[in-house]
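Down below is the structure, laid out as structure tokens.
There are 2 protein chains.
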Amino acid sequence: MFAGLEPEIIQALAQRAAARPFTTGQILFNEGDPCDGVFLLVEGSVKIFKTSSSGRQLTLAVETAPATVAEVPLFDGGAYPASVQAVDSVVALFIHKRDFRAICLEHPEVPLRALSVFGRRLRALVALLETMTFGSVRQRLARVLLELADQTGGPTFALPWTHQEIALNLGTVREVISRNLNRFQMDGFIRMSHREVTLADREGLQREAEAEI
Amino acid sequence: MFAGLEPEIIQALAQRAAARPFTTGQILFNEGDPCDGVFLLVEGSVKIFKTSSSGRQLTLAVETAPATVAEVPLFDGGAYPASVQAVDSVVALFIHKRDFRAICLEHPEVPLRALSVFGRRLRALVALLETMTFGSVRQRLARVLLELADQTGGPTFALPWTHQEIALNLGTVREVISRNLNRFQMDGFIRMSHREVTLADREGLQREAEAEI
DNA sequence: TTATGCGCGTGACTTTGGTCACTGCACTGC
DNA sequence: GCAGTGCAGTGACCAAAGTCACGCGCATAA
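Protein chains in written order, with the numbering used here: chain X, -19 to 193; chain R, -19 to 193.
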């Protein structure tokens, strides 16, 4: 959001920022908390998620430094719309909304940047809404597997999460993940041994991921 | 978005705007169309929606004049993320994105306003995502009925849409709406005769709408 | 009047996903 | 070794939602 801005602006920001560290799993703030300011991630990753009253979760986004979190309530004064949790060691700068607004007025580029960040978020949310409404768990899971393969490069990788974690990310429950992974194996798209996954038929999986919604 | 701005700005906008009328049901633009500018609604209402390849729909929002539509792609240069259709007679001002950007740079209040519009949209989307993910059709339908009752004041009102239209709005199919309306009647929450609906147990319906997600 | 189309109700069926309960496995600490 | 613990697999079951097919009633046009 601030990349490429003039050093003067960065200075202004840094002066007013307070560095705050978070450990893995720690909650930066919860949905519904009143909002005092914005967090700038300088190190680590956080996950933005909603929780239902029965404990199910849905991950809206994962943000990795450098990034900003919780810009929304800055501008409309409401509470945080979702919860944010550190997924590893995180260092964040906290800027009070009063200071941030001041900077916005002094440097008109800043709100323009914020607008493009918002734009990206809106697009991501709309896409998520689409897959949640028209798509199946099977599809979403296929996408997760493809993303993982892309990240590691090769077709073989270790699942970095437990089934439970995947389930929470996708807004479903552990058993469904278990079963769908098995179905993928039955259908010959993947091979699994323990936590090791090998994509045996990348194209097939891709077709599953983009199925006829 | 522009309410309360100085007349000078309004002037600048009006000069560069082109008025475009749309009739009921007409499409302002489709998801995926390249974006040239922003629409300012001056009269009528539009619905913003996504369509799946099998014909199901999901309404993201309904905007009534005065409002803006399609601000998102202005700032990130991408295509429209959803389709927009006139639900009655609509008059819209179209402003080319080049002009809009110019105005943004001259008048820093404008992007700040845009930010608060974006904020509202983000919140609405997150809420929608929550009900779509954790909630049921029954819940969403209960909310629709309650909203209608609120709009008309009394507990009795004529359904302004066909079951088919409600289904598209909620991201489901006609039959499910039919059945759920019947279930509500069986359960004594509503009474129906033709298109006339009477809320017989508003509190009960409210409980359904906010059920234990 | 008849034909046509639209909205609606409904029954039968399938699929998907969620719940419950239990088992087994691997790892850790004692 | 053994108990404790967290993760994974799985069968049985249920509920919600989507699909298909059909019939009915009503309005409007031919």
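C-beta: ideal position from N, C-alpha, C; glycine also. Just so it is clear, the structure is predicted and the values come from calculations on it, not from any experiment.
Sequence-distant residues of its chain with Cβ nearer than 8 Å to residue 18/R (five each side left out): 48, 49, 50, 51, 54, 74, 75, 77 and 80
Contact between the stretch 106 to 114 of chain R and the stretch 26 to 38 of chain X (3+ Cβ pairs under 8 Å): yes
Beta-carbon gap between residue 37/X and residue 105/X smaller than 8 Å: no
Cα-Cα separation between residue 11/X and residue 27/X, rounded to whole angstroms: 13 Å
Backbone secondary structure at residue 99/R - three-state DSSP: helix
Assigned secondary structure, residue 156/R (DSSP; H/G/I helix, E/B strand, else coil): helix
Neighbour-count burial assignment, residue 70/R, 16 or more Cβ in a 10 Å radius: buried
Chain X residues whose Cβ lies nearer than 9 Å to that of residue 154/R: The premise fails here: residue 154/R is roughly 16 Å from chain X at the closest Cβ pair, so nothing lies under 9 Å.
Beta-carbon contacts of residue 160/X that lie in its chain and below 8 Å, excluding the five residues immediately before and after: 117, 118 and 121
Inter-residue spacing [alpha-carbon to alpha-carbon] between residue 16/X and residue 2/X: 18 Å
The alpha helix (DSSP H) enclosing residue 185/R, as first and last residue numbers: 182 to 189
Three-state secondary structure (DSSP) of residue 114/R: helix
Burial state of residue 101/R (16 or more Cβ within 10 Å): buried
Ordered list of beta strand (DSSP E) runs contained in the stretch 57 to 91 of chain X, each at least 3 residues: 63 to 66 and 70 to 76
At least 3 beta-carbon pairs within less than 8 Å: the stretch 131 to 141 of chain X vs the stretch 139 to 148 of chain R: no
Beta-carbon proximity of residue 66/R to residue 24/R, cut-off 8 Å: yes
Beta bridge counterpart(s) of residue 17/R as assigned by DSSP: 76/R
Residue burial classification, residue 108/X (beta-carbon count within 10 angstroms, cutoff 16): buried
Assigned exposure category for residue 173/X - 16 Cβ within 10 Å defines buried: exposed
Whether residue 92/X touches residue 61/R by CB criterion (8 Å): no
Cβ neighbours of residue 7/R in the same chain (closer than 6 Å, five flanking residues each side left out): 65
Counterpart residues of residue 172/X in DSSP-defined beta bridges: 177/X
Residue 21/R vs residue 72/R beta-carbon contact at 8 Å: yes
Contacting positions in the stretch 170 to 184 of chain X - beta carbon closer than 9 Å to chain R: none
Residue 177/X classed as buried or exposed, judged by whether at least 16 other C-beta atoms fall within 10 angstroms: buried
Rounded C-alpha distance that separates residue 129/X from residue 87/X: 41 Å
Close Cβ partners of residue 146/X (< 6 Å) along its chain, the five nearest in sequence each way excluded: 157
Interface positions of the stretch 16 to 46 of chain X facing chain R (Cβ-Cβ less than 8 Å), listed along the chain: 30, 32, 33, 34, 36, 38 and 40
Close-in-space but distant-in-sequence residues of the same chain around residue 186/R (CB under 7 Å, 5 per side omitted): 126
Complete alpha helix (DSSP H) runs within the stretch 125 to 154 of chain R (minimum length 4 residues, chain order): 143 to 150
Proximal residues to residue 59/R (C-beta, below 7 Å), its chain only, five neighbours per side dropped: 12, 13, 14, 15 and 53
Beta-bridge partners of residue 37/R, as assigned by DSSP: 31/R
Alpha-carbon spacing of residue 39/R relative to residue 57/R, whole angstroms: 23 Å
Span of the beta strand (DSSP E), counted from its first residue to its last, around residue 1/R: -2 to 2
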